[in-house]
Amino acid sequence: MTMAMFQAQLNTMVMWFDQWNESGQTVALFKMLTRLAPTQARFVSIALEHSLTECAELALREKEANNPGFVSSLLCENKECAMMQTVIHLPLLRPGNAEAKHCYLALIPTLLAHTVETGLLLEEARQLLSYALIHPALRDDRKVFEPWRRSLGERIMTGNKIIKCVTPCSDSQQKTRRSNSLTPPFAVTPNAEWTSQDDLSVHGKARRFSLSSEHSGGPPLSPQSSQASSGSGSETHLDSAIYDNPGMRDVKSWLKSLRLHKYWRLFSQLSYEQMLSLNEDNFDAILDQVGGGTVTQGARRKIVLSIAKLRERSGLLALLEQDVMAGGNLMTAMDELKMVLSTPIRAHPEDEHTAYDDIPSQFTRVLGKVCTQLMVCTPADDESLNLFLGLLDSTLHHDGFTAQQKKKISSWRLQISQQLRQM
């Protein structure tokens, strides 16, 4: 295989990978990593261990995941909360922890039965079953989950039609939460694959964000079409350029949400400041500076308007902060915060005066105000707490926030987790 052919195939794989959610990405990587030779597999293991040595939040979550008391307590939670917490914690179960494993073996079938009977939390159930089928700690218990493969697959294909459930369950009033990402089939075990990849395919739905438009379609199916659409066979190099450029890591996914992903190569050559300074007057001049190609008039207008909305984030966050303190709707505020977090955000240099606003600090302040309202000022429900918990998790994984900011966010996450366990 030539280098160009390998590069083209790799580009296509990366494009698909970026559109899957965390569970789908994990399943895909697991299947590929199990094909590695021992030396190469150990190299990947060493590299991952090194990159995770300073992740305090992960250590806390892993401790919870291996605590039989914590896992057992999820049986007393409502199904939506229990499902979300199990999806988050099951991947961190350590092989050999027999007591915690038995707690998961009691919990997981209950959650899957709830989904099969009610049709709620389908995406979360798919993710949970994916982890259960590939988890090394549950290897000897895989037969426990085999009946759920067909039941859950049928439920996904029949939609809201009620089908016979393996185990009865009663909690049927929770709202369905679906992922915006495309998820691959969860049949990943070598000896029992789904016969059709379409059996469990789920299409992403459009986001309702004010700073973005609807989702783009899927990436090209072939390396050739991928190369043609990008205009270059070196997309991985461009990906690296974006990742090394502060604040630009999320530009590609943001452009996809705007259906402007064909111009991500142009944005990979811009700095964060150049991107935020784009307007109708300087558009051509900035493109000339980076040797940009042709941009259609319609795309140009859309880019300029989208960049203008990025510059409005500081004002939006200020209004959100005031609204939350005044007792405004917290669900609406959290939706707006999710929208802001999906846009490109650069860490604010502490000792440098810059032309752009300190979005991470403002964002963190609003999170703190929301946390206070949830914990003290309003009777919080589990849906609000779980939504906020997910928002905190996403923020903790974002590169734009400082260690000090993440320390605060971790403390809020701990408070919310404790509140959920007490409810």
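In UniProt numbering, the protein residues as written are 1 to 423.
Virtual Cβ for every residue (Gly too), placed ideally from N, Cα, C.
(request) Identify the continuous alpha helix (DSSP H) that holds S257 and give its terminal residues. (result) 251–257
(message) Rounding to the nearest angstrom, what Cα-Cα distance links C371 and S342 in this structure?
(response) In this structure, the CA atom of C371 is about 20 angstroms from the CA atom of S342.
(request) Helix, strand or coil for G217, going by three-state DSSP, please let me know. (result) Residue placement at G217 is flagged as unreliable, the pLDDT there being 38, under the threshold of 50; the coordinate-derived value follows with that caveat. Here G217 sits in coil by DSSP.
(request) To the nearest angstrom, report how far apart Q289 and R155 are at their CA atoms. (result) 54 angstroms
(message) I'd like the span of the alpha helix (DSSP H) that includes D382, first residue to last.
(response) 382–396
(request) Name the two residues that bound the continuous alpha helix (DSSP H) containing F283. (result) 283–289
(message) Please give me, in chain order, every unbroken run of the beta strand (DSSP E) with length at least 3 that falls completely inside the stretch 283–353.
(response) none
(request) Could you check if Q404 is buried or exposed, using at least 16 other CB atoms within 10 Å of its CB as the buried criterion? (result) Result: exposed.
(message) Rounded to whole angstroms, what is the Cα-Cα separation between N97 and A113?
(response) 25 angstroms
(message) Just to confirm before moving on: does the CB-CB distance between V131 and T26 stay below 9 angstroms?
(response) What sits at residue 131 in the sequence shown is Tyr, not Val. Contact: yes.
(request) Identify every run of the alpha helix (DSSP H) within the stretch 57–82, keeping only runs that are complete inside it and at least 4 residues long; order them along the chain. (result) 68–73
(request) Taking 9 angstroms as the cut-off, decide whether the C-beta atoms of Q274 and G291 are in contact. (result) no
(message) For the pair the stretch 385–404 and the stretch 357–364, tell me if three or more CB-CB distances fall below 8 angstroms.
(response) With three or more CB-CB distances shorter than 8 angstroms, the stretch 385–404 counts as touching the stretch 357–364.
(request) Can you say whether Q127 is buried or exposed, counting buried as having 16 or more other CB atoms within 10 angstroms of its CB? (result) buried
(message) Pop quiz: A125 and L152 are said to be a contact at Cβ under 8 angstroms. What is the actual Cβ separation, rounded to whole angstroms?
(response) 6 angstroms
(message) Quick check on R61: buried or exposed, where buried means 16 or more other Cβ atoms within 10 Å of its Cβ?
(response) buried
(request) Run the CB neighbour count on A59, radius 10 Å, all protein chains shown included, and call it buried at 16 or more, exposed below. (result) Counting the other CB atoms within 10 Å of its CB gives A59 a total below 16, which places it among the exposed residues.
(message) Are the CB atoms of T115 and L122 within a distance shorter than 9 angstroms?
(response) yes
(message) Do F17 and A28 have their beta-carbon atoms positioned less than 9 angstroms apart in this structure?
(response) The Cβ atoms of A28 and F17 lie closer than 9 angstroms to each other.
(request) Would you tell me roughly how many angstroms separate the C-alpha atoms of T2 and A137, rounded to the nearest one? (result) 40 angstroms
(request) State buried or exposed for H348, treating a residue as buried only when at least 16 other CB atoms are found within 10 Å of its CB. (result) buried
(message) Give me the residue from H135, L129, V44 with the minimum Cα distance to R150.
(response) L129
(request) Going by CA-CA distance only, name the one from D281, N386, P344 that's closest to S257. (result) P344
(request) Provide the residue span of the alpha helix (DSSP H) that contains Q418, from first to last. (result) Residues 403–422.
(message) Does V87 pass the burial test, meaning 16 or more other C-beta atoms within 10 Å, or should it be called exposed?
(response) Label assigned to V87: buried.
(request) Out of K309, A333, C76, point me to the one whose CA is closest to L320's CA. (result) A333
(message) Please determine whether the Cβ atom of E57 lies at a distance below 8 angstroms from any heavy atom of the ligand GDP.
(response) Summarising the ligand content, the structure contains no ligands, and the ligand GDP is consequently not present.
(request) Out of L317, I416, V366, L396, point me to the one whose CA is closest to A380's CA. (result) I416
(message) So for residue 425, helix, strand or coil by DSSP?
(response) Absent from the structure is residue 425, since the part of the chain shown begins at 1 and ends at 423.
(request) Determine the direct distance from the alpha carbon of Y272 to that of F388, and round the result to whole angstroms. (result) Rounded to whole angstroms, F388 to Y272 spans 28 angstroms at the Cα level.
(request) Would you mind sorting E117 into buried or exposed? The rule is 16 or more other CB atoms within 10 Å of its CB. (result) E117 should be labelled buried.
(request) Buried or exposed for I134, please, with buried defined as at least 16 other CB atoms from any protein chain shown within 10 angstroms of its CB. (result) It counts as buried.
(request) Could you check what DSSP says for M32 in three-state terms: helix, strand or coil? (result) helix
(message) Let me make sure I understand the geometry here. Which of N279, S410, L33, V324 has the alpha-carbon closest to that of R311?
(response) N279
(message) Which residue marks the beginning of the alpha helix (DSSP H) containing S277, and which one marks its end?
(response) 272–277
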